[in-house]
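*Asks:* Here the sequence shown is numbered in the working numbering, starting from 25 and rising by one per residue.
One structure, pasted below without further comment.
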Amino acid sequence: MGHALTLSVTHSLRRRLAPDRFTQLQRALTTIDAECSVSLGVADDGQSWSMKIMKAGGVLAACIPPDSQTEAAFAKRVRDLLNVQPRSRFSRPGLDEASRLARLQAVEARQKATTAAMSVARLRVHGRLALFARET
25 MGHALTLSVT
35 HSLRRRLAPD
45 RFTQLQRALT
55 TIDAECSVSL
65 GVADDGQSWS
75 MKIMKAGGVL
85 AACIPPDSQT
95 EAAFAKRVRD
105 LLNVQPRSRF
115 SRPGLDEASR
125 LARLQAVEAR
135 QKATTAAMSV
145 ARLRVHGRLA
155 LFARET
């Protein structure tokens, strides 16, 4: 198996981490020979990290408490989870279609918001012109 492990961190967690902490976590994962993607975020309690590992067999999730957030403990937790068989597959039928529809809806919403903003701007300009015409 090749070494293609990627790490991503949510914006909310990145704001809480020290500036060099992300680099340290990436360095901790260089010892792991696996093909997967590791995603970290802030857990519901606000102190722990939520972790998702996406690999060919499915998705694994875990919570990393504050006392296990060292480089060595983090790498060990990832290594241990990679040996666990995922319970759910992420290659579910309809997932690609749902993702495509969500993207289309986001584009439509953006277009509607832009159109509404342009209409408001036009009304403001026309209102100013009408006010100017009354004054002269």
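We put the CB at the ideal spot given by N, CA and C, even for glycine.
Computed from a prediction, not measured in an experiment: that's the story for all the values here.
Using beta-carbon positions only, say whether S74 and V66 come within less than 8 Å of one another.
*Replies:* Translated into positions along the sequence shown, residue 74 becomes position 50. Translated into positions along the sequence shown, residue 66 becomes position 42. Taking 8 Å as the Cβ cut-off, S74 and V66 qualify as a contacting pair.
*Asks:* Under the three-state reduction of DSSP, which class applies to T30: helix, strand or coil?
*Replies:* To locate residue 30, count along the sequence shown from 1; it is residue 6. Strand at T30.
*Asks:* Can you list, in chain order, the residues of its chain with a C-beta nearer than 8 Å to that of R101? Leave out the 5 residues immediately preceding and following it.
*Replies:* Within the sequence shown, numbered from 1, the residue matching residue 101 stands at position 77. Exclusion of the five residues before and after R101 leaves M75, A86, I88, S92 as the residues of its chain whose Cβ lies within less than 8 Å of its Cβ.
*Asks:* Look up V144 in the DSSP assignment and say whether it is helix, strand or coil.
*Replies:* Reading the sequence shown from its first residue, position 120 is the one you call residue 144. V144 falls in the helix class under three-state DSSP.
*Asks:* Reducing DSSP to helix, strand and coil, say where L64 ends up.
*Replies:* Taking the sequence shown and counting its residues from 1, the one referred to as residue 64 is at position 40. If DSSP states are grouped into helix, strand and coil, L64 belongs with the strands.
*Asks:* By Cβ distance, which residues of its chain are closer than 6 Å to T30, with the 5 residues on each side in sequence left out?
*Replies:* Translated into positions along the sequence shown, residue 30 becomes position 6. Here the set comprises S61.
*Asks:* If L53 sits next to I77, beta carbons under 8 Å apart, how far is it from one beta carbon to the other, in whole angstroms?
*Replies:* Translated into the one-based positions of the sequence shown, residue 53 becomes position 29. Translated into the one-based positions of the sequence shown, residue 77 becomes position 53. Incorrect: roughly 11 Å between the Cβ atoms, too far for contact.
*Asks:* So what's S36 in DSSP terms, helix, strand or just coil?
*Replies:* Position 12 of the sequence shown holds residue 36. Of the three classes helix, strand and coil, the one that applies to S36 here is helix, per DSSP.
*Asks:* What did DSSP end up calling A86 once you bin it into helix, strand or coil?
*Replies:* On the sequence shown, position 62 is the one that residue 86 refers to. Three-state result, A86: strand.
*Asks:* Are I56 and A28 closer than 8 Å when you measure CB to CB?
*Replies:* The residue labelled residue 56 in the question sits at position 32 within the sequence shown. The residue labelled residue 28 in the question sits at position 4 within the sequence shown. No, Cβ-Cβ distance for I56 and A28 is not below 8 Å.
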